[in-house]
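Order-wise, the sequence lines are chains A and B.
FYI, numbering that gives the first Met the number 0 numbers position 267 of the first sequence as 266, with every residue one higher than the one before it.
FYI, numbering that gives the first Met the number 0 numbers position 355 of the second sequence as 354, with every residue one higher than the one before it.
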Amino acid sequence: MKISYKREKIADGIHFNSIRNQSLKTNSIVVNLISPLSEDTASLNAAASYILTDSSKEYPSLVAINQKLDELYGAGLKGAVLRAGDNQFVSIISSCINDRFAFDNEKVTEELARVTLGCILEPNLDENGFYAPDFALKKQELLDDIDAVINEKRSYAFQRAGKIIYRGEPAAVSVKGERESAEKITASTSYEQYKKLLKTAQIEVFFVGADEPNDIKRSICESFAKLDRDYSGKVETKRSALKASPEEFTDELEVAQCKMVLAFKSENADRCAATLMNAVFGATPFSKLFLNVREKMSLCYYCSSNYNDMKSVMTVDSGVEKANIEKAKDEIIHQFELMQKGDFDEKEINEARLSLINSLRSVNDSAASLVSWYTSQIFLGTELSPEDEIELLEKVTKEDIVNAAKSFKLDTVYVLKGKESAENE
Amino acid sequence: MNKEVIKNARTGEEYTLIKHPTGLDIYVWKMDNFSTTHALFGTKYGSINTKFKTKNDPDFITVPNGIAHYLEHKLFENEDCDVFSLYAKTGASANAYTSFDRTCYLFTTTNNVYESLEILLNFVQSPYFTEETVRKEQGIIGQEIRMYDDNAGWRVFFNMLQGMYHNHPVKIDIAGTVESIAQINADLLYKCYYTFYNLNNMVLSIAGNVDVDKVLEVCDKCLKQNENIELETAFEDEPDSVCEKEVVQKLEIAMPMFNIGFKAKPESGLAALKAEIETNFVLSLIANESSEFYKKLYDEGIINSTFYSEVFCGDGYFCSIFGGEARDPRLVRDKIVEEVERCKREGLDEKRFGTIKKAYYGSLIKGLDNAENLATIMLNNGMEGLSAFDRIETVANCTFEDVTKRLMTQFNTENVTLSIIDPVNGREDK
């Protein structure tokens, strides 16, 4: 099956990306407004992602817009705020059924594109900015979400660790900002920042579906062409700088199970070799970490690694009993030393590679994974298909992996520890 | 061998059902132009099935809580290696899960489908436990139980079930407790294995880039003949009333979380599916994001966008749940009870019924793009003796009268349990 990908410039710093896969029964439209992460604007941008899809000038309330979406066969329309490397995405994601499934031949997709563009370009405003009563609710929700990170201990530990790992870099900024800065935002400051985003941000529009999106492209182009642009240039991400010596940091909370996050950094690792290295080391259930730290030694309930190719950082996160923290840490580091010494064989490499190839081949089967794939291509400055990436992975040798491993050094050890009182319960 | 193609005129989709001579039902859905294949090999055996008998047992037997999940963990170990290391050779990504009423072993792959299928069928049919390997697992499962103890979303749900049910084992955590799993040994695991992992009690379901005949070739080679042992499961009698109206726990979270459950009488087969769908319509009409009720509570800040509602049902249990985060969960409960009573008096909004039906139907169409979703639907419906298209057809044929009737039967405002997780110290201003 052939997937076609086409990227066209439609205005200064604005591109229309169309991805066609004839087997899909769903059509998706994704608009990403991309700008550098910064403490000053993180919460303001996040607020826009919360409020934009809840109403528009034409559908001025949550109920009005949701009734419209129900009529469009339960079309989805959601905002999200995401991080990629040193950048923040305000993402508007919509999807609906292919028109051929509609009961009465309605033009569902075109209508959804119109509603989506309305939310982005003609939001529901009053004289000061975003419509004040809705904004107040959304601001509260943003504050609640910032507070709620603590509810999931694994992601909480990961977020806290990120502050230490990326100290001094944009990537250390929480994607929704800190509570203090979020408390200060208003309907007016948030709308002013949103206007600035429309003016200066890198904008990537995606269409994913079975049919040629001519009509949809036309309406998107016309709408975005009207924007008054002052593009601030393509966003970038820098490799994270290694600390002079590894930093250890501990938080205490009332939890039954402790969490530990380790970070290793490299200043020059080859992206493909490091991807494969990470898979052999800790990203599969037959990796060194899973088989040794979890299975053989029963030190953790979960213990896996993740490689952030934009920041050139590999993290290991684990859930550990308090008594096993030191033992687990030593064992994780020991297993990584084995990687650096080349203590793994062709079988382990091939199995890790096969597992990566397996997930690459499935990229074409869903709109979300296609958008995420081609977005990362934009950042890398390449236009590789998943098939091209498979070819590159097939060329990586054991020597390449060892070299990549040798370039990674321990940078941070973060522990979320249970308080004594929780231990005794 | 009986091979039947099941077609659906509305969507133009089809799949194949094979009644294999070994007793296994096999479902295959070929998805043109997709790369991914998702396979599920499941048994109708979950955490609630702790009391059972076969034709070889004189009487019903009761086993410790958490044993179905324990068995799932142990089956992943062969006599000489871990199952993951077998899949490593094919590149498939494998996993397993235990729910209240099923245990499933699965893989997703884009290459080596039939080699992976062979691994799946072989390891699930080859149990190997010793006292030593069983003991070793207690540490890992104990860690897993502790991890869920910290998970507020999980706790708020189970606390609600514990408040709602007097006797039904759905109230027990799927993994059991540290105490109950301490009673598990190799003999008990074998007993449960040979009772529930009989092919007459199992389903194989595959969707994606597959060929039916090649699937059958692997099945013919790997499946072992199974005698029908006339398995029966049983539950203690469950009263209509709830056990407790309110359950509260404290955890390290930011804002109170809640689950509000309306307990109702369970049904089975197609009647259960109809009840679930019609109750979903009622929930959407009363409180989805397009309803006046939602708007009012949302605008007043009583609920926020975490608010949701869903039907939770299975063998011997049925309830409708409203959940989310709120500063005052008791107020949310009172408002919902009030609204349910108002709807019963004044009727549901018939105008919105048609749009909700379109939305429900649309969400099922979207699901046709996903191999995992299709394999899961075939398995779930197959285990209940239903077709994979029964849901889409029931939604398309549902009437406003059916839904109104359902409001009257499934929402007894006397049988409501509220579960709350409160923050340990209230919110700290950091």
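From the three backbone atoms N, C-alpha and C, an ideal C-beta is built for every residue, glycine too.
| query | result |
| --- | --- |
| Beta carbons nearer than 8 angstroms to chain A: which residues of the stretch 343-371 of chain B have them? | ARG351, THR354, ILE355, LYS357, ALA358, TYR359, TYR360, GLY361, SER362, ILE364, LYS365, LEU367, ASP368, ASN369, ALA370 |
| If I follow the unbroken alpha helix (DSSP H) through B:MET159, where does it start and stop? | 151-163 |
| What in chain A is Cβ-close to B:GLY315, meaning under 9 angstroms? | Within 9 angstroms Cβ-Cβ: nothing; B:GLY315 doesn't reach chain A, min ~31 angstroms. |
| Using only the alpha-carbon positions, how far apart do B:ASP236 and B:ASN166 sit? | 7 angstroms |
| Taking only the alpha-carbon atoms, compute the straight-line gap between B:GLU226 and B:ILE140 and give it to the nearest angstrom. | 32 angstroms |
| Return the CA-CA distance between A:ILE219 and A:GLU57, expressed in angstroms with no decimal places. | 17 angstroms |
| Please tell me whether A:GLY176 has its Cβ less than 8 angstroms away from any Cβ of chain B. | no |
| Taking Cβ positions, are B:VAL331 and B:ILE285 nearer each other than 8 angstroms? | no |
| Counting only Cβ-Cβ distances shorter than 9 angstroms, please list the residues of the stretch 292-308 of chain B near chain A, keeping chain order. | TYR293, LYS294, TYR297, ASP298, GLY300, ASN303, SER304, THR305 |
| Compare the beta carbon distance of B:SER98 and B:GLY45 with 8 angstroms and say whether it is the shorter of the two. | yes |
| Using a Cβ-Cβ cut-off of less than 8 angstroms, list which residues of the stretch 243-259 of chain A approach chain B; keep chain order. | LEU252, GLU253, VAL254, ALA255, GLN256 |
| Is the separation between the beta-carbon of A:VAL172 and that of A:ALA41 shorter than 8 angstroms? | yes |
| Give the interface partners of A:ILE149 over in chain B, defined as CB-CB distance under 8 angstroms, in chain order. | GLU251, ILE252, ALA253 |
| Within this structure, are the beta carbons of A:LYS183 and A:ASP144 separated by less than 8 angstroms? | no |
| Give me, in chain order, the residues of the same chain whose beta-carbon lies closer than 6 angstroms to that of A:LYS8; leave out the 5 immediate sequence neighbours on both sides. | HIS14 |
| Can you tell me which residues form a DSSP beta bridge with B:GLY41? | B:CYS103, B:VAL202 |
| Using a Cβ cut-off of 7 angstroms, which residues of the stretch 73-87 of chain B contact any Cβ in chain A, in chain order? | ASP81, PHE83, SER84, ALA87 |
| Per DSSP, what kind of secondary structure is A:LYS162 in: helix, strand or coil? | helix |
| Give me the residue from A:SER222, A:LYS77, A:VAL234, A:GLY417 with the minimum Cα distance to A:PRO169. | A:VAL234 |
| Give the straight-line distance between the Cα atoms of B:ASN372 and A:GLY84, rounded to the nearest whole angstrom. | 32 angstroms |
| Starting from A:ARG360, find everything on chain B with Cβ-Cβ shorter than 8 angstroms and list it in chain order. | SER34, THR35, THR109, ASN110 |
| Which residues in chain B have a C-beta closer than 8 angstroms to the C-beta of A:THR115? List them in chain order. | Those within 8 angstroms of A:THR115 in chain B number zero; the least Cβ separation is about 16 angstroms. |
| Between A:SER304 and A:LEU290, is the Cβ-Cβ spacing less than 8 angstroms? | no |
| Can you check whether the CB of B:GLY381 is closer than 8 angstroms to the CB of B:TYR26? | yes |
| Apart from the five residues on each side of it in sequence, which residues of its chain come closer than 6 angstroms, Cβ to Cβ, to B:GLY175? | ASN64, GLY65 |
| Let's test the definition: count the other Cβ atoms within 10 Å of the Cβ of B:GLN182 and tell me whether it reaches 16, buried, or not, exposed. | exposed |
| What is the DSSP secondary structure of A:ASN86, counted as helix, strand or coil? | strand |
| Could you tell me the alpha carbon to alpha carbon distance between A:GLY12 and B:THR10, rounded to whole angstroms? | 41 angstroms |
| Could you work out which residues of chain A lie near B:MET146, taking near to mean beta carbons separated by less than 9 angstroms? | LYS152, ARG153, ALA255, GLN256, TYR300, TYR301, GLY318 |
| Report buried or exposed for B:LEU417, applying the criterion of at least 16 other Cβ atoms within 10 angstroms of its Cβ. | buried |
| Going along chain B, which residues have a C-beta under 7 angstroms from A:THR25? | LYS365, ASP368 |
| Mind listing, in chain order, the continuous alpha helix (DSSP H) runs of no fewer than 4 residues lying wholly within the stretch 25-50 of chain A? | 41-50 |
| Quick one: which chain A residues come within Cβ less than 7 angstroms of B:GLY90? | LEU353, SER354, ILE356, ASN357 |
| Tell me the DSSP secondary structure of A:GLN66 in three-state form. | helix |
| Can you check DSSP and say which residues form a bridge with A:HIS14? | A:LYS8, A:GLU203 |
| For A:GLN192, count the other beta carbons within 10 Å of its own beta carbon; 16 or more makes it buried, fewer makes it exposed. Which is it? | buried |
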